[in-house]
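Comments concern the structure below.
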Amino acid sequence: MPDNNLPIRNATTLLQPVRPGERIVALDVLRGFALFGVLLAFALWNQGSPPSETYSRVDYILDRVLAALVDTKAYTLFAALFGLGFSIQFMRARERGISIVPVYCRRLLALLLIGLVHALFLRNGDILVPYAVTGFLLLPFRNASNKALAAGAIAGLLYPYLAQSAWKLTGLPFPQRPETEGASYFASNFAWVRYWYSTSIASWPASLPMFLFGLYMGRLRFFENIAARRRSLRLALISGLSLGVLAYAGRELLLIKWADSALSFGQRLSLGLLWSVHAWGLACFYASSLLLLWQRHSWQQLLAPLAAVGRMALTNYLLQAVFIIPVCIVFNLFDKVTPSLGLLLALPVWLIQLPASVWWLKRFRFGPAEWVWRSLTYGRPQPMRVSLERRSQSAHGFDKASV
């Protein structure tokens, strides 16, 4: 039965943030791993780089290798996990006989608010606002057939290319990338935020295919018994790696072949689709590898810090810019970050976030940003300290279907 016909009167009070014991820890491991990729991409390519012709041989190799292994893959994983999270929340709400819509909309609006602050003051390439806006597109798909999900994913995949072509046909000028040389950091950041938002209609829906893939995986309840999925995971590992490598190689060959000619719409589409297949394939390979390793007890201990980072993914994502942006301002590093310097910026942040996340979650239920997000979503402050949660559990109990 469509959940828009379900009662909503007590949705906010019946739905609660998921308890730590109810979490699928393997998904937190994937989030933590993806967050490391996002950190690398942010440090290496978002602060501005000198011309590649000035790179040392080490920097050139790092740039090529990390672009092949990291660029887009972490965001692909995050997008799939975002859709998966919606799917899990929706199924838990439906099992309780209530609608997810009011709480989910508040959740997205709260994420939108956090993302706007983050974008305006720290990271103009913030993903929270695009995810919050595009997240509303999941609502019409919540009761759709699997065929409709596939059709929506294909439409989302093709949409950016069609939208840009349609924009050209209107005769309206496409917004120009801002020239910010000599501008202050905040003026430059605001100019880029305005540019990204003015072109958002042509780019943000590109996340929809992975959102819908995550929604589909949630329907399958794939992650509720990962131990029974070893064969599927091995197949995903092999096929993902094969497709990722072949698509990358094919794209490189086409780039060489078409290097001396202006690209047609069909050529741009071909290159873009190959890059998407490459990114999806490697993201699938990474996720499958981690989930297979998670089946081994010895690896669970090694990967546990990643799970802590993943449970605090929003806080750690925001802190990446909190750490890196001031360093770039103080040392005037913008437009001077080579791949090796980017690694030097990223690794200390990661080495801080790993133990800090473990330490924090021994004492608190949520990261600070997660607490704000959930409190805004559910309309009341959430219990923060672990001791308070235990007292609340013993005094009132918790809903096993909470989300």
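Numbering (my numbering), first residue to last: 3 to 405.
Where a beta carbon is used, it is the ideal one built from N, C-alpha and C, also for glycine.
- Taking the Cα positions, residue 292 is about 45 Å away from residue 171.
- Burial state of residue 179 is exposed, judged by a 10 Å Cβ sphere holding fewer than 16 other Cβ atoms.
- In this structure residue 126 touches residue 191 by the C-beta definition: roughly 5 Å separates them, less than 8 Å.
- Secondary structure at residue 333: coil, using DSSP grouped into helix, strand and coil.
- Rounded to the nearest whole angstrom, the C-alpha separation of residue 307 and residue 360 is 6 Å.
- Contact check for residue 35 and residue 197: beta-carbon distance about 30 Å, past the 8 Å limit, so the pair fails to qualify.
- Between residue 162 and residue 204, the C-beta gap is smaller than 8 Å, which places the two residues in contact.
- By the criterion of at least three beta-carbon pairs nearer than 8 Å, the region 329 to 343 is not in contact with the region 269 to 288.
- According to the DSSP assignment, residue 181 belongs to no alpha helix (DSSP H), since it is labelled neither H nor E.
- With at least 16 other beta carbons inside 10 angstroms of its own, residue 280 counts as buried.
- Distance between residue 33 and residue 216, taken at the CA atoms: about 13 Å.
- Judged by DSSP in its simplified three-state form, residue 35 adopts helix.
- Of all C-beta pairs linking the region 37 to 55 to the region 73 to 93, three or more are shorter than 8 Å, placing the two stretches in contact.
- The DSSP-derived three-state label of residue 98 is coil.
- Rounded to whole angstroms, the gap between the alpha carbons of residue 353 and residue 208 is 32 Å.
- Here the alpha carbon of residue 57 sits roughly 39 Å from the alpha carbon of residue 173.
- In the three-state reduction of the DSSP assignment, residue 176 falls in the coil class, being assigned neither a helical nor a strand state.
- Residue 152 holds the alpha-carbon nearest to the alpha-carbon of residue 218 among 139, 152 and 270.
- DSSP places residue 298 outside both helix and strand once states are collapsed to three, so it counts as coil.
- For residue 384, same chain residues with a beta-carbon under 8 Å away, outside a window of 5 residues either side, are 19, 367, 368, 373, 376 and 377 in chain order.
- Distance check between residue 90 and each of 48, 213 and 195 places 213 closest, using alpha-carbon atoms only.
- Closest in alpha carbon position to residue 228, among 131, 298 and 358, is 298.
- Residue 215 sits in a helix when the DSSP states are folded into three classes.
- Three or more pairs of CB atoms, one per stretch, sit closer than 8 Å, so the region 131 to 142 contacts the region 99 to 118.
- For residue 343, the closest alpha carbon among the candidates 50, 38, 30 and 315 is that of 50.
- In the three-state scheme derived from DSSP, where H, G and I count as helix and E and B as strand, residue 253 is classed as helix.
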